[in-house]
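**Student:** The numbers in full-length UniProt numbering rise by one with no breaks, and the one at position 368 of the sequence shown is 368. I have a structure here, written as structure tokens, and I will follow up with some questions on it.
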Amino acid sequence: MPPEQRKKKVAVIGAGAAGMSCAATLAKHPDKFDVIVFETAEHVGGQATSIDLDPSRYGASWLNDGVQGGSAIFRYTFNFFRQYRHEPQEVKLQVSFGKGKGGFWTNVFPSPLVDNHSAEIKKLGKVLKWIKYTLFVTGVMPVKVILRLFRFSFDFRNKMVLPLLALFLGTGNQTPNVPSALLERLFDDPNMRLWDYDPDTLLPNLPSMYTFPNLGNFYRDWTDDLCSKGVKIKIPCEVEIVERDVTHSDSKHFHNIFENRFREDLCAKATSKERKDQILFATSEPQRRKDGWIGFQPMYYTHSYATHPDKIEMGFDCTNYQYQFRENLEDGSSPPERDRHMFQTIFLNDVEKDLWTIDSIDEDKVICRKWWCQWGHRWQHYLRVVPGLMFINGKNHTLFGGSWTLVNMHEVACVSGIAAAYRLGATYEAFDEFAEEFFAKYLLLTHGVRYKPSGRE
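Following this line, the structure appears as structure tokens:
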């Protein structure tokens, strides 16, 4: 067979979002590529996993226990979902940060902590603009350095800024060491921001997010389709699970660690019509609606340790957040009883396990435990690794993909896989102008290649 007619053999290591996206893009050219995917775990999807539940007890038959959702910028993720008739569902996000009057704040109603730091919140907006225009100089500086440089208070740093970053970027206790560019990008970059910066409350009131469909089913459908197109996927049945991430139904533990109910002492004064409306919403009788809940029903939580205020535990009320738990309820229905809620608590860095509250969880209410090995976006990564990717991608017939190449998001993993396939000779199929722009930026940053819409280089 002439060389130009031979198929290029491609081995994809890992069947997570990046590997599957790469394989799916290559599979559109069965005459050009012979693709085989290797995965060391017993499932595809990487951290995007689901577990089965007893619907009679919890009100739903499944739970996404790894990746749970994303914002409207997740165009590639949603496009893959819709190809297999899996639809993400919009939800109005409610977040509860901290514990007690001196440490609590939320995006649902005004709190004393936000009022106390109103001047610093406005100051942060100016600092974000300064970082934006000096990004090549300040972008790699750790957040802790920037916050100290501009003389932000200890409480504002540890009770508002760092927990916000930690929760939504998944940086955990490495958050003080992440580059300041990520803080600025979180609020300002059109391809990365989860929401707009709010000069009054920092986090906007009830921003829209999207909860993912059953990821186990989605990745199975994706796998079956790729196999039908000639892609070989090798999945051994071996997995090791270590205590770290605990999914449970212990509502008492969750209430003791996080603020999950409205209290008058946690609420600031209603000094404006907007605040009155927020308080009225928060104090309303909890009711189901299509995009979430009426009333204070937080979904994301953080808890700082009294002895180490710069370190946190993160929690999720999956029943409040994931759509399947309200799917069979009518609008206006009350939420399930607290004891029927599914919670997830994330304990960070096992060398600091003496700080963890894991021992207070009722063992009889533990559903599952998982170990997540996750990188922390330290500033060194963006100084030493990310800028060098373009120089090693393609060397020794090897291309690199995964969320670690930029930011720990399912969306970035998908884009990285498509970019690797593009470098191998696959065609990029444009479906959305916003997504295409993100792809072009990613390709230039990590591969040093300019995207050409009308053809290949």
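Heads up, the beta-carbon is just placed ideally off N, CA and C, and yes, glycines get one too.
Cα separation between A420 and C267?
**Tutor:** Answer to the nearest angstrom: the Cα atoms are 50 angstroms apart.
**Student:** Looking at the strands, I want to know which residues DSSP matches up with S272.
**Tutor:** In the DSSP output, where bridge partners are listed per residue, S272 has none listed.
**Student:** Helix, strand or coil for E457, going by three-state DSSP, please let me know.
**Tutor:** For E457, the predicted structure reports a pLDDT of 45, less than 50, and the residue's modelled location is therefore unreliable. A value from the coordinates is still provided. The answer is coil: DSSP assigns E457 none of H, G, I, E or B.
**Student:** In whole angstroms, what separates the C-alpha of G139 from that of R148?
**Tutor:** Their backbone Cα atoms lie some 15 angstroms apart in a straight line.
**Student:** L124 to K276, Cα distance in whole Å?
**Tutor:** Near 26 angstroms, if we compare the C-alpha coordinates of K276 and L124.
**Student:** If you pair each beta-carbon of the segment 253 to 265 with each one of the segment 48 to 68, do three or more pairs fall below 8 angstroms?
**Tutor:** No, they do not touch.
**Student:** So, helix, strand or coil for S71, using DSSP?
**Tutor:** Coil.
**Student:** Candidates L186, N107, R193, R340: which alpha carbon is nearest D200's?
**Tutor:** For D200, the nearest C-alpha among the options comes from N107.
**Student:** Quick one: Cα of V412 to Cα of I73, how far?
**Tutor:** Rounded to the nearest angstrom, the two C-alpha atoms are 11 angstroms apart.
**Student:** At which residue ranges does the segment 267 to 313 contain complete beta strand (DSSP E) runs of 3 or more residues, listed in the order of the chain?
**Tutor:** As far as the segment 267 to 313 is concerned, its whole beta strand (DSSP E) runs of at least 3 residues are 287 to 289, 292 to 294, 300 to 304.
**Student:** What distance in whole Å lies between the Cβ atoms of I279 and F104, which are believed to be in contact at a cut-off of 8 angstroms?
**Tutor:** In fact, because the Cβ distance is near 15 angstroms, the residues do not count as touching under 8 angstroms.
**Student:** Tell me, which residues are paired with C368 by DSSP?
**Tutor:** According to DSSP, C368 bridges with T247.
**Student:** Take F325 as the anchor and find which of M314, E337, G315 has the nearest alpha-carbon.
**Tutor:** Looking at the Cα atoms, E337 is the closest of the given residues.
**Student:** Determine, using beta-carbon pairs with one atom in the segment 397 to 408 and one in the segment 432 to 450, whether at least three such pairs fall under 8 angstroms.
**Tutor:** Counting Cβ pairs under 8 angstroms, three or more are found: they touch.
**Student:** Suppose the cutoff is 6 angstroms on Cβ atoms and the five residues either side in sequence are ignored; what does the same chain contact list for Y305 look like?
**Tutor:** Excluding positions up to five away in sequence, the list reads K311, L355.
**Student:** What does P30 pair with, by DSSP beta-bridge criteria?
**Tutor:** None; P30 has no bridge partner.
**Student:** Near Y451, what residues of its chain come up, given a Cβ to Cβ distance below 6 angstroms and the 5 sequence neighbours on each side ignored?
**Tutor:** So the qualifying residues of the chain are A440, L443.
**Student:** Answer with buried or exposed for G230, where buried requires no fewer than 16 other C-beta atoms within 10 angstroms of its C-beta.
**Tutor:** It is exposed - the Cβ of G230 has fewer than 16 other Cβ atoms within 10 Å.
**Student:** Please report how far the alpha carbon of I36 lies from the alpha carbon of E327, in whole angstroms.
**Tutor:** Approximately 38 angstroms between the Cα atoms of the pair.
**Student:** Let me confirm a value: A11 is counted as buried when at least 16 other C-beta atoms fall within 10 Å, else exposed. Which label applies?
**Tutor:** By the neighbour-count rule (16 or more Cβ atoms within 10 Å), A11 is not buried but exposed.
**Student:** Whole angstroms are fine: how far does the CA of K365 sit from the CA of R340?
**Tutor:** If I take the Cα positions, the gap works out to 10 angstroms.
**Student:** So who's on the other strand from E90, going by DSSP bridges?
**Tutor:** Beta-bridge pairing links E90 to Y210.
**Student:** Taking Cβ positions, are M141 and G417 nearer each other than 8 angstroms?
**Tutor:** Their beta carbons are not under 8 angstroms apart, which means M141 does not touch G417 by this criterion.
**Student:** Assess contact between the segment 39 to 54 and the segment 175 to 184, defined as three or more Cβ pairs (one per stretch) separated by less than 8 angstroms. Is contact present?
**Tutor:** Judged by Cβ distances under 8 angstroms, the segment 39 to 54 makes no contact with the segment 175 to 184, as fewer than three pairs qualify.
**Student:** Assuming L162 contacts Y300 under a Cβ cut-off of 8 angstroms, what Cβ separation, rounded to an integer in Å, is found between them?
**Tutor:** No, L162 and Y300 are not in contact; Cβ-Cβ is about 15 angstroms, not under 8 angstroms.
**Student:** Using 8 angstroms as the threshold, is the C-beta distance between V246 and L183 below it?
**Tutor:** Not closer than 8 angstroms, so no.
**Student:** Can you list, in chain order, the residues of its chain with a C-beta nearer than 7 angstroms to that of L194? Leave out the 5 residues immediately preceding and following it.
**Tutor:** Only S71, F168, L186 meet the Cβ criterion.
**Student:** Excluding the 5 residues flanking L113 on each side, which residues of the same chain have their C-beta closer than 6 angstroms to its C-beta?
**Tutor:** W105, listed in sequence order.
**Student:** Would you identify the three-state DSSP class for T11, choosing helix, strand or coil?
**Tutor:** Reading off the sequence, residue 11 comes out as Ala, not Thr. Of the three classes helix, strand and coil, the one that applies to A11 here is strand, per DSSP.
**Student:** Please classify D250 as buried or exposed, where buried requires at least 16 neighbouring CB atoms within 10 angstroms.
**Tutor:** Buried, because 16 or more other Cβ atoms sit within 10 Å of the Cβ of D250.
**Student:** What residue range is occupied by the uninterrupted beta strand (DSSP E) comprising F400?
**Tutor:** Counting along the chain, F400 falls outside any beta strand (DSSP E), and DSSP gives it neither H nor E.
**Student:** Can you give the beta carbon distance from L329 to R288, rounded, assuming they're within the 8 angstroms contact cut?
**Tutor:** About 5 angstroms; that satisfies the 8 angstroms criterion.
**Student:** Should N396 be labelled buried (16 or more other beta-carbon atoms within 10 Å of its own) or exposed?
**Tutor:** Label assigned to N396: exposed.
**Student:** According to DSSP, what are the bridge partners of F97?
**Tutor:** The partner list for F97 (beta bridge, DSSP) reads W105, T302.
**Student:** Counting Cβ pairs, one atom from each stretch, are 3 or more of them under 8 angstroms apart for the segment 49 to 56 and the segment 373 to 382?
**Tutor:** No, the segment 49 to 56 is not in contact with the segment 373 to 382.
**Student:** For T283, which residues from the same chain have a beta carbon less than 7 angstroms from its beta carbon, with the 5 sequence-adjacent residues on both sides left out?
**Tutor:** So the list reads F262, once near-sequence residues are dropped.
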